[in-house]
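Using the numbering used here, read the sequence shown as starting at 258 and increasing by one per residue.
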Amino acid sequence: MKSKAKSTVVFFLCIILIGFLAYTGAYGVTFGGYKLKPFSQVINKGLDLQGGVSVLEEIQSKNVDQDTVNRTVDMISQRVNKLGVSETTTVREGKDRIRIDIPGKFDAKEVVDGVAKTGDLKFVGPDNKTILTGKDVKNATASIDPQNGSQGVINLELNQSGAQKFADATQKFMGQKITIYLDKDKLSDPQVDAHITDGRAIISGHMTMKEAQTKANLIKSGALPVTVKPVQVKTVGASLGANALPLSILAGKIGIGLVMIFMLLYYRLPGLVADIALVLYVYIVLAAFANVNVTLTLAGIAAFLLTVGMAVDANILIFERTKEELKSGKSIRASVDAGFRRAMTSILDSNITTIISGCVLYNIGTGSVKGFALTLIIGTILSMFTAITVTRTLMKLLANMGWFNHKETIGTFGVHDFRKGVVK
258 MKSKAKSTVV FFLCIILIGF LAYTGAYGVT FGGYKLKPFS QVINKGLDLQ
308 GGVSVLEEIQ SKNVDQDTVN RTVDMISQRV NKLGVSETTT VREGKDRIRI
358 DIPGKFDAKE VVDGVAKTGD LKFVGPDNKT ILTGKDVKNA TASIDPQNGS
408 QGVINLELNQ SGAQKFADAT QKFMGQKITI YLDKDKLSDP QVDAHITDGR
458 AIISGHMTMK EAQTKANLIK SGALPVTVKP VQVKTVGASL GANALPLSIL
508 AGKIGIGLVM IFMLLYYRLP GLVADIALVL YVYIVLAAFA NVNVTLTLAG
558 IAAFLLTVGM AVDANILIFE RTKEELKSGK SIRASVDAGF RRAMTSILDS
608 NITTIISGCV LYNIGTGSVK GFALTLIIGT ILSMFTAITV TRTLMKLLAN
658 MGWFNHKETI GTFGVHDFRK GVVK
């Protein structure tokens, strides 16, 4: 009786905890001054779900080594993240192409102009001679002009060699302009008002804070190691992305709901256990997406729903193995243990092969294929955890509570005649 009471308390505590987690994931919750946001607000959404700009850049140089390409990807990624947007993706496609996806940004020209700048960063004097290059710049930040609170300024910091060159130039060109170029485009042409010897300068000149921030980021990022050219620019409208997201969520709800109804009708109480474990599985997967900064796309949603089916499939293997053990005359608890043990090999084999396939897709795939593969790998690993740990724990608790002793609760899972020790 003590064991039954303890199992009952533990079981309902598990249900309450899982229900609370599901509620917080769906709607969020606030504790005093601390707020847990729902997954809809914390999971990054891809270009196809919220609209935005996709730019495909092609490296124009021939026979570029892999390290140079990777460095170019990193520098473009740095520029992308400094545009004032988030949830961006910068990945290599093929040997000489780089894909830049920026959700929530719809000005393609601004993206191309602000991110894909190539060539040399130069500070040029009035005599058309180069004073500084990007290698001489240590840092560049934007701030509000203390003398005019409505305008922005650029705070420039040079390294040791750059500071000496700049000191000579500011002394030589006092009262004249030094022009800053990125490629052949002029970023700024501030006038020299002081002899600067410490390598720290303030660039002003009727800029908004946003303009100052953009220019500071471009100055800091410097020049790309190779020349790249946009070969494809695609804009996904906000309305198209806005329609895709709710339709994807609806499809997910219908798919998961149908799976849960089937499990409940066919397996009854064990099916209910599988549904509870599935709710926890969905929460854990979405929490993992939020914590590892996965960018969810339509392909990712497809992979997620695929792993839901795999999670349920693991439970079906366990239940069918358990049914076979019941038919051999074993008790419920012994059958549950044996069912899990016998199903483990099949579960591990199927999931490990899926993970291997996901790893191959992730390493050789590009764009949405990588997102699909990453979602598939995460979902598959976590589905094994819920099937092996959560389902087994709940099944054993219900067995201790005596809930499997009635025909109505077992359904097609197997009807056990405890007087004869066989399943009818």
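Don't be surprised by glycine CBs; every beta carbon is placed ideally from N, CA and C.
- Nearest to G557 by C-alpha distance, out of T345, I634, A262, D455, is I634.
- The C-alpha of D384 is placed about 21 Å away from the C-alpha of L415.
- According to the DSSP assignment, A397 belongs to no alpha helix (DSSP H) but to the beta strand (DSSP E) extending over 394-402.
- Each residue's CA atom was taken as its position, placing N301 and G308 some 13 Å apart.
- By the criterion of a C-beta distance shorter than 7 Å, Q428 is surrounded in its chain by H452, once the five residues flanking it on both sides are discounted.
- The three-state reading of DSSP puts Q323 in helix, counting H, G and I together.
- Nearest C-alpha to R328 among I573, S400, V485: V485.
- According to DSSP, D450 shares a beta bridge with no other residue.
- Less than 7 Å divides the Cβ of K379 from the Cβ of T387.
- With respect to M466, G409 sits close: the two C-beta atoms are nearer than 7 Å.
- Along the length of the segment 521-565, whole alpha helix (DSSP H) runs at least 4 residues long occupy 526-548, reported in chain order.
- Taking the Cα of K362 as reference, the smallest distance to any Cα among L389, K263, V312 is reached at V312.
- Here the alpha carbon of G586 sits roughly 26 Å from the alpha carbon of A262.
- For A568, the closest of I645, K352, G351 by C-alpha to C-alpha distance is I645.
- Nearest in C-alpha terms to D402, of all of L439, I359, I355, Q470, is Q470.
- Per DSSP, M464 lies in no alpha helix (DSSP H); the unbroken beta strand (DSSP E) holding it starts and ends at 457-464.
- For F363, the secondary structure class from DSSP, reduced to helix, strand or coil, is coil.
- Between the alpha carbons of N405 and S297 lies a distance of about 40 Å.
- DSSP places S625 in the helix class (H, G or I) of the three-state scheme.
- Residue environment analysis places N548 among the exposed positions, since fewer than 16 neighbouring C-beta atoms fall within 10 angstroms of its C-beta.
- A direct Cα-to-Cα measurement between Q417 and V299 gives close to 42 Å.
- Leaving aside the five residues that flank A501 on each side, the residues in its chain whose CB is nearer than 7 Å to its CB run, in chain order, D305, L306, L555.
- For V493, the enclosing beta strand (DSSP E) stretches over residues 485-493.
- Straight across, the Cα-Cα distance linking A420 with L618 is about 48 Å.
- Counting only the Cα atoms, K352 lies some 28 Å from D442.
- In the three-state DSSP reduction, D606 falls in the helix class (H, G or I).
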